[in-house]
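Participant: Read in the UniProt record's numbering, the sequence shown has 44 at position 44, and its numbers run on one by one without any break. Note that CB positions come from ideal geometry on N, CA and C, so glycine has one too.
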Amino acid sequence: EFMQAFWDIEAAQAKAIQLLASFVRDKSALPYLLTFTELITFAMKTHVDSLKIQVDGCSLLLEILSEALEQDVVVALDENVTSSLLDTMRKHSENEELLSLVCTLLMMISASEVATENLRKVGVIPDLLSILRNFLHNEQICFSCCGVLWSLAVSENNVDQALLKSAVPVTSVVLQEHLQNGTVTEPACSALWALSLQGCLTENDYEPTTALLLDALRMNPERPVLVKNACLALASLLRLSEISALRFITDSKGSGINLVKYAYHLHFDDPEVVENICMLINEMVQYDDVVLDMLSQKMEELLSEIKSCFPSS
């Protein structure tokens, strides 16, 4: 009632947000805090010029949603919330700290199909790409934006193809910049996989993207999620083009076949990783040149081992 009565007074809203933040650590307060999400975003929208309300509001929303996630509580956020976050993003496009909070929030809510559709409606992709270009060095921003791009690209309600295509070069630059940082390369590989599935890569993208994914796999072979994502993305590229297949076996830093074998030996006991490796192998055998290389490197022994380890799959 206090927030609604004094909605136009910045100091009152700031005080209310501060007070609500003091209840976050009390797990039993979550059901009550969830009823405040729209009021918090309304305060942010009303006082969009106030950096304090934007930072405190985003921080509070982040804590509420994180607590909901921890307690397995589904949070339904309407279009007003996504619209408000986009207003914040556009008004404070130079503030790295705030943008990091906003992008993290967008990634969290994009797990919901309804929220993803709302993000599509408010036209978030150009804003995400602009932020990625401006803050390429920021790990959290790159991690979050790639996660949102993945959600948008795999959404049933396809986003404008031209917009998705414009995400390919930016996502590739993010992957190149953070190759040794598995935390960022995981969602970047996922985003490239989803973009390739949507037909967003051109013929000129096939070879460099294949090389980039091989580099990601080469530098982070111990990360199961990354291996799964990279294998799916590579499988999609090999399905699309022989150019990708040839780069896969002739990469100057080493054949992709060796990488696949090494990834399998690291994760042979993880059925999900092995399944994605098999999906990649299934695309590899479509090309005679690749098959010859596979035979010369005794890949049939690896396949026999997989078959014996997973007889029911």
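Between the C-alpha atoms of K253 and L217, what's the straight-line distance to the nearest angstrom?
Facilitator: The residue labelled residue 253 in the question sits at position 253 within the sequence shown. The residue labelled residue 217 in the question sits at position 217 within the sequence shown. Near 12 Å, if we compare the C-alpha coordinates of L217 and K253.
Participant: With distances taken from CA atoms, which of H267, D288, M219, K228 is nearest I249?
Facilitator: Position 249 of the sequence shown, counted from the first residue, corresponds to residue 249. Considering only alpha carbons, the answer is D288.
Participant: Who are the Cβ neighbours of D87 in its own chain at under 7 Å, not counting the five residues just before and after it?
Facilitator: Counted from its first residue, the sequence shown places residue 87 at position 87. Same-chain partners within the cutoff: K45, V48.
Participant: Near V291, what residues of its chain come up, given a Cβ to Cβ distance below 6 Å and the 5 sequence neighbours on each side ignored?
Facilitator: On the sequence shown, position 291 is the one that residue 291 refers to. These residues qualify, in order along the chain: V285.
Participant: Taking the alpha-carbon positions, what's the residue 314 to I257 distance?
Facilitator: The requested residue 314 is not part of the displayed model; the chain covers only 1 to 313.
Participant: Taking only three categories from DSSP, how would you classify C200?
Facilitator: Here residue 200 refers to the residue found at position 200 when the sequence shown is read from its first residue. Coil, per DSSP.
Participant: Taking L179 as part of the alpha helix (DSSP H), name the residues at either end of that continuous run.
Facilitator: Here residue 179 is taken as the residue at index 179 of the sequence shown, counted from 1. Premise fails: L179 is in no alpha helix (DSSP H) and is neither H nor E.
Participant: With respect to the alpha helix (DSSP H) encompassing P224, which residues constitute its N-terminal and C-terminal limits?
Facilitator: For this step, residue 224 is matched to residue 224 along the sequence shown. Segment 224-240, the alpha helix (DSSP H) holding P224.
Participant: Who are the near neighbours of L136 in its chain, counting only those whose CB is closer than 8 Å to its CB and skipping five residues on each side?
Facilitator: Here residue 136 corresponds to residue number 136 of the sequence shown, with the count starting at 1. Answer for L136: C142, V173, V174, E177, listed in chain order.
Participant: Go through its chain and collect everything with a Cβ distance to E96's Cβ below 7 Å, but skip five positions before and after it.
Facilitator: If you number the sequence shown from 1, residue 96 lands on position 96. Answer for E96: F135, N138, listed in chain order.
Participant: CA-CA distance, L106 and L85?
Facilitator: Taking the first residue of the sequence shown as position 1, residue 106 is located at position 106. Taking the first residue of the sequence shown as position 1, residue 85 is located at position 85. Going by the C-alpha atoms only, they are around 8 Å apart.
Participant: For the segment 75-158, list the alpha helix (DSSP H) runs that are entirely contained and at least 4 residues long, ordered along the chain.
Facilitator: The segment 75-158 contains these whole alpha helix (DSSP H) runs: 79-91, 96-109, 113-121, 125-134, 139-154.
Participant: Express the C-alpha separation of L98 and H92 in angstroms, rounding to a whole number.
Facilitator: Counting from 1 along the sequence shown, the entry for residue 92 is found at position 92. Counting from 1 along the sequence shown, the entry for residue 98 is found at position 98. Cα to Cα, the separation comes out at about 8 Å.
Participant: By the three-class DSSP mapping on this structure, what secondary structure does V273 have?
Facilitator: Your numbering for residue 273 matches position 273 in the sequence shown. Correct three-state label for V273: helix.
Participant: Should S255 and D215 be called a contact, given that it needs their Cβ atoms to be closer than 8 Å?
Facilitator: Here residue 255 refers to the residue found at position 255 of the sequence shown. Here residue 215 refers to the residue found at position 215 of the sequence shown. Taking 8 Å as the Cβ cut-off, S255 and D215 do not qualify as a contacting pair.
Participant: Taking DSSP as the reference, what is the three-state secondary structure of F268?
Facilitator: On the sequence shown, residue 268 is found 268 positions in, with the first residue counted as 1. Note: F268 maps to coil in three-state DSSP.
Participant: Thinking L149 and A191 are a contact (beta carbons under 8 Å), I'd like their distance in whole angstroms, please.
Facilitator: Reading the sequence shown from its first residue, position 149 is the one you call residue 149. Reading the sequence shown from its first residue, position 191 is the one you call residue 191. L149 to A191, Cβ: 4 Å. Contact.
Participant: Looking at the secondary structure, which residues open and close the alpha helix (DSSP H) in which I306 lies?
Facilitator: In the sequence shown, the residue the question calls residue 306 occupies position 306. Where I306 is concerned, the enclosing alpha helix (DSSP H) stretches over 299-309.
Participant: Which residue from S83, L266, P187 puts its Cα closest to that of L232?
Facilitator: Within the sequence shown, the letter at position 232 stands for residue 232. Closest option to L232, Cα to Cα, is P187.
Participant: For chain C, is any of its Cβ atoms less than 8 Å away from the one on R120?
Facilitator: Of the protein chains in this structure there is only one, and it is not chain C.
Participant: Alpha carbon to alpha carbon, how far is L266 from Q297?
Facilitator: If you number the sequence shown from 1, residue 266 lands on position 266. If you number the sequence shown from 1, residue 297 lands on position 297. Distance between the alpha carbons of L266 and Q297: 18 Å.
Participant: Rounded to the nearest angstrom, how far is the Cβ of T41 from that of V74, given a contact under 8 Å?
Facilitator: In the sequence shown, residue 41 corresponds to position 41, counting from 1. In the sequence shown, residue 74 corresponds to position 74, counting from 1. Not confirmed; about 18 Å, so no contact.
Participant: According to DSSP, simplified to helix, strand and coil, what is R25?
Facilitator: Indexing the sequence shown from 1 puts residue 25 at position 25. In this structure, R25 counts as coil in the three-state DSSP scheme.
Participant: Just to check my reading of the structure: A230 and L246 have Cβ atoms closer than 8 Å, yes? What is that Cβ distance to the nearest angstrom?
Facilitator: Counted from its first residue, the sequence shown places residue 230 at position 230. Counted from its first residue, the sequence shown places residue 246 at position 246. No, A230 and L246 are not in contact; Cβ-Cβ is about 18 Å, not under 8 Å.
Participant: Let's test the definition: count the other Cβ atoms within 10 Å of the Cβ of Q180 and tell me whether it reaches 16, buried, or not, exposed.
Facilitator: Residue mapping note: residue 180 aligns to position 180 of the sequence shown, counting from 1. With fewer than 16 Cβ atoms within 10 Å of its Cβ, Q180 is classed as exposed.
Participant: Tell me the residue span of the alpha helix (DSSP H) that contains Y32.
Facilitator: Translated into positions along the sequence shown, residue 32 becomes position 32. That run of the alpha helix (DSSP H) goes 30-34.
Participant: Can you name, in chain order, every residue of its own chain whose Cβ lies under 7 Å from the Cβ of D127, other than the five neighbours on each side?
Facilitator: Within the sequence shown, residue 127 is the residue found at index 127, counting from 1. Closer than 7 Å at the Cβ level, and outside the excluded window around D127, lie L86, M89, R90.
Participant: Pick from S313, S308, L34, S50: whose alpha carbon is nearest that of E275?
Facilitator: Stepping through the sequence shown from its first residue, residue 275 is reached at position 275. For the residues S313, S308, L34, S50, the minimum Cα distance to E275 belongs to S313.
Participant: The alpha helix (DSSP H) that contains Q4, what's its start and end?
Facilitator: Counted from its first residue, the sequence shown places residue 4 at position 4. First-last of the alpha helix (DSSP H) with Q4: 2-5.
Participant: Determine whether the beta carbon atoms of V154 and A194 lie at a separation below 8 Å.
Facilitator: Counted from its first residue, the sequence shown places residue 154 at position 154. Counted from its first residue, the sequence shown places residue 194 at position 194. Yes, Cβ-Cβ distance for V154 and A194 is below 8 Å.
Participant: Have a look at N204 and S130 and give me their C-alpha separation to the nearest angstrom.
Facilitator: Your numbering for residue 204 matches position 204 in the sequence shown. Your numbering for residue 130 matches position 130 in the sequence shown. Using only the alpha carbons, I get a separation of about 23 Å.
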